[in-house]
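K.L.:
Input: one structure, supplied below.
Dropping the structure here:
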């Protein structure tokens with residue numbers, strides 16, 4: 001890591017270029033490290049405006065420390081995900097970048113010839129040669145800009161499949177992986193604490209709050225879904241696809257509530273859903289709220305075949321996730337205390353004695369981490385496989401449609417099978433299944449439409465129809481002029497979060513009911529776990545199409561202030577942002 005603390009206390013300030021970025025610039029900032037670089041340059045500009053020729057010691061120290069920490073965090077996050085041979089290549093790349101930063105564009109490289117890291121290092125050197133500068137900070141800024149391009153997956157000079165796929169994984173790991181890992185860990189700890197508090201209230205006193213908590217958790221998703229449906233209708237966003245999807249998800253939620261209530265409401269809702277339901281709701285709400293601030297963009301598009309295949313793959317992943325959690329991390333979350341309560345309740349007829357024993361149980365943080373890691377792997381897999389399958393089938397169907405309609409309508413882009421099946425004539429913009437919100441404020445970012453076109457220009461070449469999926473980080477919605485709009489917040493909470501919460505709560509309710517019923521049979525515990533895991537995977541497959549199609553809405557709502565599509569153009573599935 002480059003020790004920025006070793007900078008001199010004062011650095012002469014040269015006038016910056018006219019196109020330099022100050023605090024109010026609208027240009028995209030693709031990483032926190034790049035943001036720190038912009039902030040440091042803005043400090044230089046401020047001193048120039050005041051007629052100063054040197055930057056104050058404290059201001060430089062603050063900016064340097066901030067930049068150093070951002071780079072440390074970025075390096076640590078990326079290096080932790082690499083295998084040993086990849087780690088060696090990354091270390092050689094970092095050493096080469098440090099050498100370029102210290103000694104300029106003519107510094108030798110330590111990377112191995114012919115490797116991916118050597119290609120990246122040579123590109124960094126080319127960037128420095130195109131913008132020669134003897135100043136340490138100018139070279140640092142150029143390198144940080146390149147890092148931001150990698151995170152945004154806009155590295156057009158590295159257009160090969162390996163570089164593109166690496167960029168996809170880095171972007172998904174940096175955003176979805178980090179957020180899911182954090183929220184899953186919080187979910188498990190919250191469920192454990194809630195279940196332990198219920199036991200401390202006593203058997204009779206805890207039943208009422210348990211029932212209230214269980215029922216309330218099942219109603220959060222349908223409530224958000226209903227509010228989102230009303231909003232879509234009021235703003236003219238609803239389409240046949242979104243209406244069917246919201247109705248489908250509402251029926252799934254209703255089915256979960258009825259099944260849990262009809263079988264044994266005290267055992268299912270009062271003793272199991274009371275803690276598991278709120279912990280799941282807290283996870284979905286926190287996840288979608290955080291992901292709203294860190295959007296992704298991808299070129300997968302939406303089509304029926306890709307949606308069904310990705311739903312099947314995600315269901316299989318959820319089945320394996322259930323098996324892995326039960327076998328490798330059983331002592332985690334509310335489920336752990338519920339199973340221990342059942343085990344201790346048999347030999348201990350006295351509730352007080354059993355409650356005292358339950359109070360002595362402490363969270364198993366290792367198992368919490370294991371569950372967090374496994375859930376993160378599954379969600380990252382979904383973020384990668386869904387756009388990839390959508391892109392693959394979209395290009396296959398688009399090529400066939402283009403060949404069939406070339407003479408009849410050569411000026412029109414072919415519609416994919418999914419668009420033809422789900423979109424109506426009123427639909428003018430398609431949102432990705434996992435954003436579902438690509439709106440941006442016109443007043444805050446007047447150049448965002450042009451930025452989008454520039455970003456997608458790397459995909460618009462002659463081979464656009466055959467290029468693979470590309471996923472990248474967008475500018476974080478944090479800071480003055482960048483905070484999410486009311487429309488983006490509503491899209492995230494009333495569509496993405498509503499769908500995710502509804503399907504997960506319904507799946508949990510049905511799975512817990514079946515698990516309670518299986519406990520009264522003579523089946524072995526392992527067989528019961530297999531049945532429940534398979535049921536979870538199947539229910540996820542059932543709810544997945546509704547989750548995807550709920551985001552196929554009409555033109556952007558007035559409160560999102562999104563730029564309108566050009567008249568006569570088809571929706572561009574290339575540079576779609578996504579949140580979830």
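Numbering (the UniProt record's numbering), first residue to last: 1 to 580. The C-beta atom is built at its ideal place from N, Cα and C for all residues, glycine as well. Note that the structure is predicted; figures quoted are calculated from it, not measured.
Along the alpha helix (DSSP H) that carries residue 530, what are the first and last residues, could you check?
P.N.:
Here the alpha helix (DSSP H) through residue 530 covers 525 to 549.
K.L.:
Taking the alpha carbon of residue 538 as the point to measure from, which residue in 252, 485 and 274 has its own alpha carbon closest?
P.N.:
Residue 538 has its Cα closest to that of 252, out of 252, 485 and 274.
K.L.:
Measuring CA to CA, which of 333, 381 and 517 is closest to residue 183?
P.N.:
Closest option to residue 183, Cα to Cα, is 333.
K.L.:
In three-state DSSP terms, what is residue 221?
P.N.:
Correct three-state label for residue 221: helix.
K.L.:
For residue 114, does the three-state DSSP call read helix, strand or coil?
P.N.:
Coil, per DSSP.
K.L.:
Taking residue 392 as the reference, which of 286, 123 and 303 has the closest Cα?
P.N.:
Nearest option by C-alpha distance: 303.
K.L.:
Tell me the DSSP secondary structure of residue 233 in three-state form.
P.N.:
Helix.
K.L.:
Would you check if the distance between the CB atom of residue 372 and the CB atom of residue 185 is smaller than 9 Å?
P.N.:
Against a cut-off of 9 Å, the Cβ pair of residue 185 and residue 372 comes out as a contact.
K.L.:
Taking the alpha carbon of residue 319 as the point to measure from, which residue in 195, 163, 541 and 343 has its own alpha carbon closest?
P.N.:
Comparing Cα-Cα distances from residue 319 to each of 195, 163, 541 and 343, the minimum goes to 541.
K.L.:
Let's see if you can read the secondary structure: which residues bound the alpha helix (DSSP H) around residue 300?
P.N.:
Where residue 300 is concerned, there is no enclosing alpha helix (DSSP H), given that its DSSP letter is neither H nor E.
K.L.:
With burial defined as no fewer than 16 other Cβ atoms inside 10 Å of the residue's Cβ, what is the status of residue 485: buried or exposed?
P.N.:
The residue is buried, with at least 16 neighbouring Cβ atoms inside 10 Å.
K.L.:
For residue 552, name the three-state secondary structure that DSSP assigns.
P.N.:
Coil, per DSSP.
K.L.:
Specify the secondary structure class of residue 109 as computed by DSSP and reduced to three states.
P.N.:
Note: residue 109 maps to coil in three-state DSSP.
K.L.:
Using the C-alpha atoms, what's the distance from residue 530 back to residue 520?
P.N.:
Going from the Cα of residue 520 to the Cα of residue 530 covers about 16 Å.
K.L.:
Shortest alpha-carbon distance to residue 174 belongs to which of 127, 290 and 86?
P.N.:
Residue 290 is the option with its Cα nearest to residue 174.
K.L.:
Nearest to residue 165 by CA position, among 467, 499 and 267, is which residue?
P.N.:
Closest by alpha carbon: 467.
K.L.:
Please state if the CB of residue 547 and the CB of residue 499 are separated by a distance shorter than 9 Å.
P.N.:
In this structure, residue 547 lies closer than 9 Å to residue 499 by Cβ.
K.L.:
Could you check how far apart the C-beta atoms of residue 94 and residue 124 are, in whole angstroms? I think they sit under 8 Å.
P.N.:
Contact flag wrong, Cβ pair sits at about 11 Å.
K.L.:
Using the beta-carbon count (16 or more within 10 Å), is residue 88 buried or exposed?
P.N.:
Burial call: exposed.
K.L.:
Determine the contact status of residue 515 and residue 543, defining contact as a CB-CB distance below 9 Å.
P.N.:
No. Outside cutoff.
K.L.:
What does the alpha-carbon distance come out to for the pair residue 162 and residue 382?
P.N.:
Roughly 19 Å separates the two Cα atoms.
K.L.:
Would residue 202 be called buried (16 or more neighbouring beta carbons within 10 Å of its own) or exposed?
P.N.:
Exposed, since its Cβ has fewer than 16 Cβ neighbours within 10 Å.
K.L.:
Would you call the segment 259 to 274 in contact with the segment 209 to 224, where contact means no fewer than 3 C-beta pairs closer than 8 Å?
P.N.:
Flag = yes, the segment 259 to 274 and the segment 209 to 224 touch.
K.L.:
Quick check: the Cα distance between residue 611 and residue 317, rounded to an integer number of angstroms?
P.N.:
With the chain represented from 1 up to 580, any question about residue 611 goes unanswered, as that position is not in the structure.
K.L.:
Are there 16 or more other CB atoms within 10 angstroms of the CB of residue 278, so buried, or fewer, so exposed?
P.N.:
By the neighbour-count rule (16 or more Cβ atoms within 10 Å), residue 278 is buried.
K.L.:
According to DSSP, what are the bridge partners of residue 259?
P.N.:
Looking at the DSSP assignment, residue 259 forms no beta bridge with any residue, so it has no partner.
K.L.:
How big is the Cα-Cα spacing for residue 284 and residue 522?
P.N.:
Residue 284 and residue 522: Cα-Cα distance of roughly 35 Å.
K.L.:
If the criterion is Cβ atoms closer than 9 Å, does the pair residue 238 and residue 479 meet it?
P.N.:
Against a cut-off of 9 Å, the Cβ pair of residue 479 and residue 238 comes out as no contact.
K.L.:
Return helix, strand or coil for residue 657, following the three-state DSSP convention.
P.N.:
No information on residue 657 is available, as it lies outside the stretch 1 to 580 that the chain covers here.
K.L.:
Below 8 Å on the Cβ atoms is my guess for residue 549 versus residue 244; work out the distance and round it to an integer in Å.
P.N.:
Right, their Cβ atoms sit about 7 Å apart.
K.L.:
Among 119, 241, 469 and 250, whose alpha-carbon lies nearest the alpha-carbon of residue 219?
P.N.:
If we check each option's Cα against that of residue 219, 250 comes out closest.
K.L.:
According to DSSP, residue 273 sits in a beta bridge with which residue or residues?
P.N.:
In the DSSP output, where bridge partners are listed per residue, residue 273 has none listed.
K.L.:
For the candidate residues 389, 188, 234 and 225, whose alpha-carbon lies nearest to that of residue 329?
P.N.:
Cα-wise, what sits closest to residue 329 is 188.
K.L.:
Assign residue 471 to one of three DSSP states: helix, strand, or coil.
P.N.:
Three-state result, residue 471: strand.
K.L.:
Give every residue of the same chain whose Cβ lies closer than 8 Å to the Cβ of residue 518, excluding the five residues on either side of it in the sequence, and list them in chain order.
P.N.:
Contacts found: 528, 531 and 532.
K.L.:
Give the straight-line distance between the Cα atoms of residue 581 and residue 386, rounded to the nearest whole angstrom.
P.N.:
Limits of the chain in this structure are 1 at one end and 580 at the other, which puts residue 581 out of reach.
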